[in-house]
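Q:
Numbering (the numbering used here), first residue to last: 154 to 234.
(1) Could you check what DSSP says for residue 218 in three-state terms: helix, strand or coil?
(2) Does the Cβ of residue 213 have 16 or more other Cβ atoms within 10 Å, making it buried, or fewer, making it exposed?
(3) Hey, is residue 171 close to the ligand GDP, as in C-beta under 8 Å from one of its heavy atoms?
(4) Using the three-state DSSP reduction, which class does residue 188 fall into: helix, strand or coil?
(5) Which residues mark the beginning and the end of the alpha helix (DSSP H) in which residue 161 is found?
(6) Within this structure, are the beta carbons of residue 192 and residue 159 separated by less than 9 Å?
(7) Could you check which residue in 171, 229 and 204 has the C-alpha nearest to that of residue 216?
(8) Beta-carbon of residue 181 versus every beta-carbon of chain C: anything under 9 Å?
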């Protein structure tokens with residue numbers, strides 16, 4: 154679910170950007186708005202988990218740089234802060 158919050162709007166932007174002329178303006182608008190709306194709803198659900206249930210998580214998407222003991226990851230951190 155946390156992945157979807159970040160990547161659904163990105164997918165909508167990519168589809169509308171690259172295929173907007175092919176799929177049409179109106180469908181492109183609806184598709185992008187739908188994905189952003191789903192992302193917002195999922196954000197409210199995760200917010201509820203964090204506030205009510207004390208949910209905290211660190212989701213690593215991929216390791217960007219690793220050198221010795223240094224490890225730099227692209228990750229999503231979800232906590233109450």
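Glycine included, C-beta positions come from ideal geometry on N, C-alpha and C.
A: Let's see:
(1) Of the three classes helix, strand and coil, the one that applies to residue 218 here is strand, per DSSP.
(2) It counts as exposed.
(3) For the ligand GDP, the structure offers nothing, since it holds no ligand at all.
(4) In the displayed model, residue 188 falls within a helix according to three-state DSSP.
(5) For residue 161, the uninterrupted alpha helix (DSSP H) segment begins and ends at 155-176.
(6) Yes, the Cβ-Cβ distance between residue 192 and residue 159 is below 9 Å.
(7) The residue with the shortest Cα to Cα distance from residue 216 is 229.
(8) The chain labelled as chain C is not found in the depicted structure, where only one protein chain is given.
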